[in-house]
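Read through the structure below, which is laid out as structure tokens, and then see the notes.
2 protein chains.
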Amino acid sequence: MRHALALARAVLYTTSPNPRVGCVIVRDGRVIGEGATQPPGGPHAEVMALRAAAAAGETVAGATVYVTLEPCSHHGRTPPCVDALVAAAPARVVVAMGDPNPRVNGAGYARLRAAGIEVCTGVGEAEALELNAGFVARMSRGTPWAWMKMAASLDGRSALHNGISQWITGDAARADGHHWRARADLVLTGMGTVTKDDPLLNVRAVETARPPRKAVVDATLSISPQARLFDGTEVLIFTAAPAPGRAAALADRNARVIALPDARGERVDLAAMMRWLGQNEFNEVHVEAGAGLSGALLTAGCIDELLVYLAPVLLGDAAGMVRLPLLEHLEAARRYVFTDMTRVGADVRLRATSDAHWQQLLASVRGVGQAGAQP
Amino acid sequence: MRHALALARAVLYTTSPNPRVGCVIVRDGRVIGEGATQPPGGPHAEVMALRAAAAAGETVAGATVYVTLEPCSHHGRTPPCVDALVAAAPARVVVAMGDPNPRVNGAGYARLRAAGIEVCTGVGEAEALELNAGFVARMSRGTPWAWMKMAASLDGRSALHNGISQWITGDAARADGHHWRARADLVLTGMGTVTKDDPLLNVRAVETARPPRKAVVDATLSISPQARLFDGTEVLIFTAAPAPGRAAALADRNARVIALPDARGERVDLAAMMRWLGQNEFNEVHVEAGAGLSGALLTAGCIDELLVYLAPVLLGDAAGMVRLPLLEHLEAARRYVFTDMTRVGADVRLRATSDAHWQQLLASVRGVGQAGAQP
Numbered sequence: 001m002r003h004a005l006a007l008a009r010a011v012l013y014t015t016s017p018n019p020r021v022g023c024v025i026v027r028d029g030r031v032i033g034e035g036a037t038q039p040p041g042g043p044h045a046e047v048m049a050l051r052a053a054a055a056a057g058e059t060v061a062g063a064t065v066y067v068t069l070e071p072c073s074h075h076g077r078t079p080p081c082v083d084a085l086v087a088a089a090p091a092r093v094v095v096a097m098g099d100p101n102p103r104v105n106g107a108g109y110a111r112l113r114a115a116g117i118e119v120c121t122g123v124g125e126a127e128a129l130e131l132n133a134g135f136v137a138r139m140s141r142g143t144p145w146a147w148m149k150m151a152a153s154l155d156g157r158s159a160l161h162n163g164i165s166q167w168i169t170g171d172a173a174r175a176d177g178h179h180w181r182a183r184a185d186l187v188l189t190g191m192g193t194v195t196k197d198d199p200l201l202n203v204r205a206v207e208t209a210r211p212p213r214k215a216v217v218d219a220t221l222s223i224s225p226q227a228r229l230f231d232g233t234e235v236l237i238f239t240a241a242p243a244p245g246r247a248a249a250l251a252d253r254n255a256r257v258i259a260l261p262d263a264r265g266e267r268v269d270l271a272a273m274m275r276w277l278g279q280n281e282f283n284e285v286h287v288e289a290g291a292g293l294s295g296a297l298l299t300a301g302c303i304d305e306l307l308v309y310l311a312p313v314l315l316g317d318a319a320g321m322v323r324l325p326l327l328e329h330l331e332a333a334r335r336y337v338f339t340d341m342t343r344v345g346a347d348v349r350l351r352a353t354s355d356a357h358w359q360q361l362l363a364s365v366r367g368v369g370q371a372g373a374q375p
Numbered sequence: 001m002r003h004a005l006a007l008a009r010a011v012l013y014t015t016s017p018n019p020r021v022g023c024v025i026v027r028d029g030r031v032i033g034e035g036a037t038q039p040p041g042g043p044h045a046e047v048m049a050l051r052a053a054a055a056a057g058e059t060v061a062g063a064t065v066y067v068t069l070e071p072c073s074h075h076g077r078t079p080p081c082v083d084a085l086v087a088a089a090p091a092r093v094v095v096a097m098g099d100p101n102p103r104v105n106g107a108g109y110a111r112l113r114a115a116g117i118e119v120c121t122g123v124g125e126a127e128a129l130e131l132n133a134g135f136v137a138r139m140s141r142g143t144p145w146a147w148m149k150m151a152a153s154l155d156g157r158s159a160l161h162n163g164i165s166q167w168i169t170g171d172a173a174r175a176d177g178h179h180w181r182a183r184a185d186l187v188l189t190g191m192g193t194v195t196k197d198d199p200l201l202n203v204r205a206v207e208t209a210r211p212p213r214k215a216v217v218d219a220t221l222s223i224s225p226q227a228r229l230f231d232g233t234e235v236l237i238f239t240a241a242p243a244p245g246r247a248a249a250l251a252d253r254n255a256r257v258i259a260l261p262d263a264r265g266e267r268v269d270l271a272a273m274m275r276w277l278g279q280n281e282f283n284e285v286h287v288e289a290g291a292g293l294s295g296a297l298l299t300a301g302c303i304d305e306l307l308v309y310l311a312p313v314l315l316g317d318a319a320g321m322v323r324l325p326l327l328e329h330l331e332a333a334r335r336y337v338f339t340d341m342t343r344v345g346a347d348v349r350l351r352a353t354s355d356a357h358w359q360q361l362l363a364s365v366r367g368v369g370q371a372g373a374q375p
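Chains A and B supply the protein sequences, listed in that same order. With full-length UniProt numbering applied, the first sequence corresponds to residues 1 to 375, in that order. With full-length UniProt numbering applied, the second sequence corresponds to residues 1 to 375, in that order.
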């Protein structure tokens with residue numbers, strides 16, 4: 001399973017909106033076939049591994065198949081993987097986690113078992129879920145998995161009092177940040193950052209054939225068509241002010257304006273924005289914004305994970321990382337769970353996840369089939 | 001050497017103002033004696049190890065001695081360890097680092113070599129120095145090694161806007177903080193903290209036979225004799241305002257008032273305070289203060305190391321960790337090097353060291369004898 005997870009990790013930048021899946025077929029302690037999900041429209045991991053075994057003249061009958069996600073049981077862009085597996089007749093299929101996609105949701109397990117194949121689940125579950133948190137979030141709750149990337153000094157300052165913020169963290173941290181952009185389906189920022197930094201918002205420092213889309217939260221639709229992030233690729237602009245004239249001018253820059261005003265019509269309804277993204281097959285959102293939008297997304301419960309780069313430097317009185325409503329008690333603070341800490345060049349990267357959000361994903365992959373999926 | 005370092009680490013709380021030293025004697029791949037420095041006045045590590053070998057009926061002649069610090073060559077509270085080593089006649093002495101004590105400073109090496117004993121140095125040097133940074137700092141630059149303990153949210157906030165700060169980090173982080181208090185010779189705070197929290201400032205959660213001294217920076221000598229930190233043990237009060245009447249009242253509480261005013265007579269000369277501490281055999285200072293004194297100590301260059309506990313929580317607009325002069329450029333920021341990151345309960349502990357200060361210590365233990373120490 002460790003090898004299958006590594007195969008899935010190797011396609012981190014290419015399978016979306018499909019999940020990243022790896023598959024390894026083993027007989028007599030020997031790998032006889034392996035594969036990973038191909039870009040959308042291409043074969044899934046199981047089919048790739050079965051083809052590799054066939055090409056090597058190996059027979060899969062009686063073998064053990066390790067796969068990082070429940071095999072699909074429905075006709076999507078490709079035929080169901082369970083059909084191919086049943087035809088190949090392995091003795092056993094070991095799966096890391098269930099697929100909460102309503103069109104699978106335990107039916108893959110059921111079809112394999114009905115064919116007399118032993119099914120073993122939950123092996124390497126946490127790692128498999130980490131690789132596909134976005135896919136599972138979209139399938140189980142209808143919104144993408146969103147992380148917020150922040151860079152700050154050890155005392156939590158993201159800019160000097162005069163606005164200087166480039167660069168608090170070092171080259172290695174910035175390159176690592178681009179890995180996270182590349183993995184995501186969308187890179188999201190706010191108008192404060194566009195105005196202040198005029199960012200390109202693209203992926204550099206990492207090779208990717210499938211760059212993420214870009215998006216800006218721009219309540220008043222005031223972004224300049226000359227902003228550097230308009231590079232010909234489609235840019236989503238979430239706004240509270242439809243303003244058809246300006247939207248038309250932006251359309252020339254390949255901007256797609258989506259009006260999602262809140263009840264007062266003043267701000268973008270951020271929760272509605274996340275639902276829109278889920279409906280439009282965005283699995284993972286990389287937020288890289290200033291203290292204002294960052295705080296608003298946190299307050300709206302739209303952030304699942306924090307990705308914080310800290311530089312070994314103290315800045316004292318300077319701009320904070322997030323703007324949040326004043327708290328009267330520490331118990332009211334938003335709590336996370338540290339999931340990883342890594343040195344990145346001279347800096348450290350801390351990941352902290354909302355435990356409630358993570359547990360909900362875990363429950364959804366463990367609960368497949370329990371709400372009565374039909375084989 | 002790893003075993004000798006572990007022996008030294010085991011006496012972390014007891015040897016001060018002497019260095020923590022471990023010694024292991026090996027013959028034919030077998031440990032024939034080991035020991036660590038005893039509390040002041042007691043035998044040093046080498047003598048403990050030689051005694052253990054003798055007690056076990058082992059002969060040290062021809063053996064290899066591993067010791068984490070250059071053996072002393074002078075009569076201090078105990079006779080010179082080199083004399084005992086020369087008498088035991090090992091073939092080889094392997095040493096982690098030189099002793100910059102002006103009364104040793106290479107003379108230990110020279111005496112061993114003159115007796116025909118092979119001396120090998122620098123094995124496990126960084127770990128040995130980490131164990132005795134305070135001793136080496138005092139010997140080489142005349143001031144203690146000082147670390148600043150801070151606890152904050154992931155976005156660098158150490159209290160809410162209303163002053164609430166207990167407890168941002170968890171029980172495990174607080175217990176770990178007491179380990180650092182226990183290791184130090186002095187726990188230092190400022191009047192802001194005394195007024196706000198009335199701390200005990202003692203060591204809890206860790207057993208220690210040698211609790212650190214307590215000290216308060218109190219420029220106006222305004223501390224109340226009823227403050228909870230007065231528990232009968234001697235408390236140092238550094239002030240800029242001699243005020244003999246108040247000093248006498250405080251003396252009843254076993255407070256020792258030390259007047260070290262700066263040039264304007266308004267604040268405590270913090271650099272002079274560190275020199276005073278060095279002259280009075282304080283090796284390590286644990287600073288646990290508010291943003292004001294913390295910032296002033298940093299600005300005065302008195303801090304060698306940051307010990308930062310971060311909780312996986314965001315607080316937004318709230319009190320910062322340190323008050324520092326406004327910076328106009330990031331290049332002007334005080335930079336450190338991350339040396340350790342560890343999970344402590346739900347929190348993380350980051351250690352960051354001033355690289356310039358550390359390199360100066362390293363140079364001093366490597367340069368022993370080069371300025372012409374006499375055997």
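Using N, Cα and C, we set each Cβ at its ideal position, and we do this for glycine too.
Residue ranges of each beta strand (DSSP E) within the region 77-108 of chain A, 3 or longer: 92-95
Contact set between arginine 323 of chain A and chain B, taken where Cβ atoms lie within less than 8 Å: Gly316, Asp317
Own chain, CB closer than 7 Å to glycine 156 of chain B, minus 5 neighbours either side, in chain order: Gly320, Met321
Per-residue burial, lysine 149 of chain A [other beta carbons within 10 Å of its own, 16 or more giving buried]: Result: buried.
Tyrosine 309 of chain B beta carbon less than 9 Å from that of alanine 152 of chain B: yes
Separation of glycine 57 of chain A from alanine 248 of chain A, as counted between CA atoms: 58 Å
CB contact check: residue 377 of chain B to chain A, cutoff 9 Å: Since the first residue of chain B shown is 1 and the last is 375, residue 377 of chain B is not available in this structure.
Chain B contact for asparagine 202 of chain A (CB, 9 Å cutoff): no
Cβ shell of aspartate 218 of chain A (< 6 Å), same chain only, five flanking positions each side left out: Met191, Ile237, Thr239
Chain-order list of residues whose beta-carbon lies under 6 Å from that of alanine 205 of chain B (same chain, five-residue window excluded): Ala175, His178
Short Cβ contact (9 Å threshold) for alanine 241 of chain A with threonine 208 of chain A: no
Sequence-distant residues of its chain with Cβ nearer than 7 Å to arginine 323 of chain B (five each side left out): Ala291, Gly292, Gly295
Beta-carbon neighbours of asparagine 280 of chain B, restricted to chain A and to distances below 8 Å: Residues of chain A passing the Cβ test: none, with the nearest at roughly 29 Å.
7 Å Cβ shell around threonine 193 of chain B - same chain, five flanking residues per side excluded: Pro199, Ala289, Gly290
Distance, methionine 341 of chain B Cα to leucine 307 of chain B Cα: Spanning the two alpha carbons is a distance of roughly 10 Å.
Rounded separation between asparagine 283 of chain B and serine 16 of chain B - CA only: Linking asparagine 283 of chain B to serine 16 of chain B through their CA atoms gives a straight-line distance of about 7 Å.
Start-to-end residues for the beta strand (DSSP E) that takes in tryptophan 147 of chain B: Segment 145-153, the beta strand (DSSP E) holding tryptophan 147 of chain B.
Given 8 Å, three or more beta-carbon pairs between the region 267-278 of chain A and the region 252-270 of chain B: Too few Cβ pairs lie closer than 8 Å, so no.
Glutamate 118 of chain A - containing beta strand (DSSP E), residue span: 118-121
Pairwise C-alpha distance: alanine 146 of chain B and alanine 333 of chain B: 19 Å
Own chain partners of glycine 265 of chain A with C-beta closer than 7 Å, once the 5 adjacent residues on each side are dropped: Ala240
At least three beta-carbon pairs within less than 8 Å, the region 345-364 of chain B to the region 5-20 of chain B: no
Chain A within 9 Å of leucine 306 of chain B, Cβ atoms only: yes
Three-state secondary structure (DSSP) of methionine 1 of chain A: coil
With 16 other Cβ atoms within 10 Å as the buried cut-off, status of alanine 4 of chain B: buried
Rounded straight-line distance, which links the Cα of threonine 169 of chain B to that of valine 123 of chain B: 37 Å
Closest residue to residue 422 of chain B among B:Pro102, B:Val60, B:Val104 (Cα-Cα distance): Since the first and last residues shown for chain B are 1 and 375, residue 422 of chain B lies out of range.
Where phenylalanine 282 of chain A sits in the DSSP three-state scheme: coil
CA-to-CA distance, glycine 116 of chain A to valine 268 of chain A, given in whole angstroms: 52 Å
Local conformation of leucine 221 of chain A per DSSP, three classes: coil
Cβ-Cβ distance between glycine 369 of chain B and glycine 98 of chain B below 9 Å: yes
9 Å Cβ cutoff, tryptophan 180 of chain B in contact with chain A: no
Whole-Å CB distance - arginine 213 of chain B paired with phenylalanine 338 of chain A, under 8 Å assumed: Not quite, the Cβ-Cβ distance comes to about 35 Å (not below 8 Å), so this is no contact.
Short-range partners of chain B found in the region 155-179 of chain A, where Cβ spacing is below 7 Å: Asp155, Gly156, Arg157, Leu160, His161, Asn162, Ile164, Ile168
Unbroken alpha helix (DSSP H) run spanning alanine 292 of chain B, endpoints: According to the sequence as given, residue 292 of chain B is glycine; it is not alanine. Glycine 292 of chain B -> alpha helix (DSSP H) spans 291-299.
6 Å CB neighbourhood of glutamine 355 of chain B in its chain, flanking five on each side removed: Here residue 355 of chain B is aspartate; the residue named in the question, glutamine, does not match the sequence. Take aspartate 355 of chain B, set aside five residues on each side of it, and the residues of its chain with a beta-carbon closer than 6 Å to its own are Val337, in chain order.
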